[in-house]
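Please read the structure below before turning to the comments.
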Amino acid sequence: MILVVGGAGYIGSHLVKELVEKEDVVVLDNLSTGHREAVDKRAIFVKGDLGNEDDLQMVFRSYPIKAVMHFAAYSLVGESVIDPLKYYENNVASTLTLLKVMIKFKVKNFIFSSTAATYGIPDVELIDEESKTAPINPYGHSKLMVEQMLADFSKSYGLNYVVLRYFNAAGAHQSAAIGESHDPETHLIPIILQQLLGTREKISVFGSDYDTADGTCIRDYIHVTDLAQAHILALEALLSGEKSTETYNLGNGLGYSVKEVIETCERVTGIKANVEMAERRAGDPARLVASSQKIYTELGWKAERSLEKIIADAWNWHQNQLY
Ligand code: UFG
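Residue numbering for the sequence shown follows this note's numbering, beginning at 6 and increasing consecutively.
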């Protein structure tokens, strides 16, 4: 059985939908930002807190867990600057509690959701796993601290792990049964689609004087189902003993500017957006684009879904949003 912590959240719920096809799954989520309705009915659901050792012990005592996948983190860069305590408490301290209980119960396999924010402001066009890690905000620091703990725990306690550093997760499940629903929403694609649906007055483009072709920030958008599939491959590699301590970037190697994303949304939906140019948002690097060559070479994974597909699936979800 696989324990998915944070399996009711955006990325976790998409992973669970794929994983239940292959494995028995138990989801632990405190529903602070996740949605109970997003959890596939084939998974066992336990409402509980990652930072609560009793909740964790109960889960590990009740189910024969062979691996843990950890999605239960706060992930807003801006919020992490305003309230770093929240980030270190949940993303670092609670993860430490989870690892402690795993070690106690001799569960040795761990898949960790990390982030492009560990790289800070990169000085390369395509970021690979050897690129320097130098976070510029508490969110990125919190994720990198856990990566460091994993490396140390691997040496001392024989923990096997795969760290997956996501770039910009986006899109929704093809069925439109689950999708991205944050409150408040801060991510670009949902914000654009909300404006096109008429539930938001305008889209503010945060900065148009960056050192990029059109002056707006470039990001590497990756379909959430592609992300989910990378987790399945990483899990298989861990369980088969093929991998024990690896870090992989997950992106599609293509950068799109904020303006290009807005134009693609207009094209996919056939609706014109109401856009205003605004000030830069603190902490935004001009360009973040991944090289995912390593995971392609080693596990055969690459992103299959285009920006158009990401937006089309997200649009289907937003038009019939269920939660
Ligand atoms: N943007 C706008 N207007 C908006 C919202 C976003 O112009 O209303 C811009 C941002 O400035 C940025 C781009 O759109 O240039 C993408 O912004 P998102 O908020 O969608 O995503 P981020 O790149 O800020 O964040 C993502 C992940 C984080 C991760 C970060 C790494 O969501 O978890 O990448 O830098 F930490």
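Quick reminder that beta carbons are idealized off the backbone N, C-alpha and C, glycines included.
Own chain, CB closer than 8 Å to residue i, minus 5 neighbours either side, in chain order
i           : result
residue 383 : Here the chain comprises residues numbered 6 to 328, so residue 383 is not present and cannot be evaluated.
residue 178 : 19, 22, 184, 229, 230, 318 and 322
residue 129 : 136
residue 205 : 196 and 199
residue 36  : 13 and 52
residue 190 : 196 and 199
Integer Cβ distance of residue i from residue j, believed to fall under 8 Å
i           : j           : result
residue 171 : residue 121 : 7 Å
residue 34  : residue 52  : 7 Å
residue 273 : residue 316 : 5 Å
residue 104 : residue 61  : Actually they do not touch by this definition, with Cβ atoms about 10 Å apart.
residue 11  : residue 39  : 7 Å
residue 73  : residue 8   : 5 Å
residue 215 : residue 291 : 4 Å
Coarse secondary structure for residue i, derived from DSSP in three states
i           : result
residue 5   : Look at the range of the chain in this structure, 6 to 328, and you will see that residue 5 is not part of it.
residue 204 : coil
residue 13  : coil
residue 115 : strand
residue 100 : helix
residue 239 : helix
residue 295 : strand
residue 263 : helix
residue 28  : coil
residue 63  : helix
residue 54  : coil
residue 276 : coil
residue 226 : strand
residue 78  : coil
residue 281 : strand
residue 218 : coil
residue 34  : strand
residue 330 : Nothing about residue 330 can be reported from this structure: the residues present for the chain run from 6 to 328 only.
residue 72  : strand
residue 315 : helix
residue 20  : helix
residue 254 : strand
residue 85  : helix
Close beta carbons around residue i, own chain, < 7 Å, minus the five adjacent residues each side
i           : result
residue 235 : 169, 255, 300 and 306
residue 248 : 167 and 242
residue 320 : 198, 273 and 274
residue 148 : 96, 119, 120, 122 and 123
residue 278 : 197, 200, 201, 208, 267, 270 and 271
residue 43  : 13, 18, 183 and 328
residue 313 : 269 and 273
residue 276 : 201
6 Å Cβ shell around residue i - same chain, five flanking residues per side excluded
i           : result
residue 289 : 222
residue 209 : 281 and 283
residue 110 : 65
residue 144 : 82, 85, 92 and 122
residue 146 : 140
residue 70  : 6, 8 and 112
residue 100 : 151
residue 125 : 139, 140 and 141
residue 212 : 285
residue 25  : 45, 47 and 48
residue 159 : 250
Beta-carbon proximity of residue i to residue j, cut-off 8 Å
i           : j           : result
residue 260 : residue 219 : no
residue 16  : residue 32  : no
residue 266 : residue 194 : yes
residue 310 : residue 176 : yes
residue 106 : residue 58  : yes
residue 41  : residue 78  : no
residue 244 : residue 114 : yes
residue 308 : residue 237 : no
residue 202 : residue 298 : no
residue 156 : residue 269 : no
residue 116 : residue 240 : yes
residue 134 : residue 253 : yes
residue 89  : residue 293 : no
residue 174 : residue 232 : yes
Any C-beta of chain D under 8 Å from that of residue i
i          : result
residue 28 : Structure shown: chain D not included; a single protein chain is present.
Cβ-heavy atom distance, residue i to the ligand SAH, below 7 Å
i           : result
residue 191 : Absent from the structure shown: the ligand SAH. Ligands present: the ligand UFG.
Sequence ranges, alpha helix (DSSP H) only - wholly within the region 139-198, length at least 4: 143-162
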